[in-house]
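As you go down the protein sequences, you meet chains W and G in turn. Position one of the first sequence corresponds to residue -8 (the numbering used here), numbered consecutively onward. Position one of the second sequence corresponds to residue 22 (the numbering used here), numbered consecutively onward.
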Amino acid sequence: MEKKKPKNVFVEGAISSEFIGTSIAKHQTKTSIGAHNIFLGQVRADEIDGKVITGIDYTAYEEMANQKFHEIREATFERFDLTCMHIYHSLGKVQAGEICLFVFVSSPKRKVVFEALEFVVEAIKADVPVFGKEIFEDQTHQWKQNG
Amino acid sequence: MQLTIKYFGMLAEATTISEEQLQIDACSVSELLKKLKNQHPKLNDKDFKVAINQQLVDNQYVINNEAEVALLPPFAGG
Chain W
-8 MEKKKPKNVF VEGAISSEFI GTSIAKHQTK TSIGAHNIFL GQVRADEIDG KVITGIDYTA
52 YEEMANQKFH EIREATFERF DLTCMHIYHS LGKVQAGEIC LFVFVSSPKR KVVFEALEFV
112 VEAIKADVPV FGKEIFEDQT HQWKQNG
Chain G
22 MQLTIKYFGM LAEATTISEE QLQIDACSVS ELLKKLKNQH PKLNDKDFKV AINQQLVDNQ
82 YVINNEAEVA LLPPFAGG
């Protein structure tokens, strides 16, 4: 199979509901698809020691991150019978309540998309060098860490 | 050999730089880290992984060519 160059997964700022809606609409022409599954990561307004998080400022080691996203894509297609798959991740500031990660998998059959989506999201959390500065109301911050 | 050292997230904050150049003889990752921790004492209490040319490596890995070395704090994607 021909080797593809890694795509750029990153978008500046929050991922809008219009973008997500348009992305779904674009699949109406792919009529072999019988099931889509979508994961949307949303920034939580956690309260820590009495201070509330207002947003996350994301940075990444972009070249390595895009390479990792690419490897995750390849591994997912190898493992699951997917028709297509899209990943978008925010960089820069995303306010609490806004979307920072959009993963979209499609297949002829529903069972596949449930398993594939979890596989992709867990791999992103564990393997991709993205960093998050959680900003509090008073402009102090702490660094996010995936559990 | 010439190394480009990149710092991300809390490590860029701790060192106050995002990148620096370093002239050094062939060395293991742990020898390199010792040097970097001397230069930037705040790295001592930080948890991070090391990538050489975008591949994660362990402390025994020997760097013997010009390379991009990235210090990566805990991942927080999603």
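Beta carbons: idealized from backbone N, C-alpha and C, even for Gly.
Residues near residue i in its chain [Cβ-Cβ closer than 8 angstroms; skip 5 each side]
i: A107 (chain W); result: N28, T67, R70, F71, L73, M76, V96, S98
i: M55 (chain W); result: P120
i: E40 (chain G); result: T25, I26, K27, Y28
i: M(-8) (chain W); result: Residue confidence for M(-8) (chain W) is low, a pLDDT of 49 falling below 50, so the modelled location carries little weight and cannot support an answer.
Assigned secondary structure, residue i (DSSP; H/G/I helix, E/B strand, else coil)
i: K116 (chain W); result: helix
i: E87 (chain G); result: coil
i: L73 (chain W); result: coil
i: A107 (chain W); result: helix
i: T37 (chain G); result: coil
i: H18 (chain W); result: helix
i: I11 (chain W); result: helix
i: T50 (chain W); result: strand
i: G30 (chain G); result: helix
i: E52 (chain G); result: helix
i: E38 (chain W); result: strand
i: H61 (chain G); result: coil
Cut-off 7 angstroms between Cβ atoms - residues of its own chain near residue i, not counting five sequence neighbours on either side
i: V34 (chain W); result: G46, I47, V85, Q86, A87, G88, E89, C91
Own chain partners of residue i with C-beta closer than 6 angstroms, once the 5 adjacent residues on each side are dropped
i: V103 (chain W); result: F71, D72
i: K59 (chain W); result: D118, V119
Residue i classed as buried or exposed, judged by whether at least 16 other C-beta atoms fall within 10 angstroms
i: R101 (chain W); result: exposed
i: T43 (chain W); result: It should be pointed out that residue 43 (chain W) corresponds to Val in this sequence rather than to Thr. With fewer than 16 other Cβ atoms within 10 Å, it is exposed.
i: N57 (chain W); result: buried
i: T37 (chain G); result: exposed
i: G41 (chain W); result: exposed
i: A72 (chain G); result: buried
i: E9 (chain W); result: exposed
Nearest-angstrom Cβ-Cβ length linking residue i and residue j, presumed shorter than 8 angstroms
i: G123 (chain W); j: G4 (chain W); result: Wrong, their Cβ atoms sit about 14 angstroms apart, outside the cutoff.
i: N50 (chain G); j: I84 (chain G); result: Correcting the residue identity first, residue 50 (chain G) is Val in this sequence and not Asn. V50 (chain G) to I84 (chain G), Cβ: 7 angstroms. Contact.
i: I6 (chain W); j: S81 (chain W); result: 6 angstroms
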